[in-house]
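Data block below; observations after.
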Amino acid sequence: MKLSEFKKYLANTESFAVQLPDGTFVPEHFHITEMGVINKKYTDCGNTFREENYFTFQLWYSTDTWHRLTSEKVLKIIAGIEKNIGFEDYDILVEYQGEKTIGKFGLDFNGKGFLLTSTKTTCLAQDNCGIPVEKVKKNLNEIAACCTPESNCC
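Structure (structure tokens):
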């Protein structure tokens, strides 16, 4: 999800509920501990220079169960960032503390609330790394059965 989409959804909903990929919800008393822009410049394993930019925020909660963020409050935080940092309409990256480490998630909207979506890693230079293309495994019995004299395939 892009920042512009996030702001549009926030403007049209009062609550700011966030659901994890496993279906559970981030406790409703969560805080946004940081929000801003990340610029990542790096070289992949094929020695190609790459640059990525994200609008990011981090979710966290404590024992102050009376705390609630509204969509309006989140929009005000974003407006403050836009005033102080010049940036484009970047994809959103959300950080949230899992059981053992901080997870990085994408963001989606289901019409009622926001969904943290799973992210994955991959080799960005597969053509340079010699990673073989996965072959489809077939049972020889299946192949032999399709080419019998009665099948008219030959």
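Using the working numbering, the first residue of the sequence shown is number 563, and each one after it goes up by one.
No residue lacks a Cβ here, since even glycine has one placed at the ideal position from N, Cα and C.
A quick note: this is a predicted structure, and the numbers were derived from the prediction, not measured.
What span of residues does the beta strand (DSSP E) with S680 cover, start to end? 676-680
Just to confirm before moving on: does the CB-CB distance between S633 and E596 stay below 7 Å? no
Consult DSSP for E596 and reduce its assignment to one of helix, strand or coil. strand
Do you know offhand how far L621's Cα is from K699's? 43 Å
Quick one, which of K674, D626, T618, G642 has its alpha-carbon nearest A579's? Nearest C-alpha to A579: K674.
Under 8 Å: do the region 688-696 and the region 648-657 share three or more Cβ pairs, one atom per stretch? no
Would T683 and G668 be called neighbours here (beta carbons separated by less than 7 Å)? no
Outcome for F587 when other beta-carbon atoms lying within 10 angstroms are tallied against a minimum of 16: exposed
Taking the alpha carbon of F592 as the point to measure from, which residue in K635, K645, N646 has its own alpha carbon closest? K635
Excluding the 5 residues preceding and the 5 following D651 in the sequence, name in chain order all residues of the same chain whose CB lies nearer than 7 Å to its CB. K564, L565, S566
Please say whether V599 and I664 have beta carbons closer to each other than 7 Å? no
Terminal residues of the beta strand (DSSP E) in which E613 lies: For E613, the uninterrupted beta strand (DSSP E) run begins and ends at 611-622, by DSSP.
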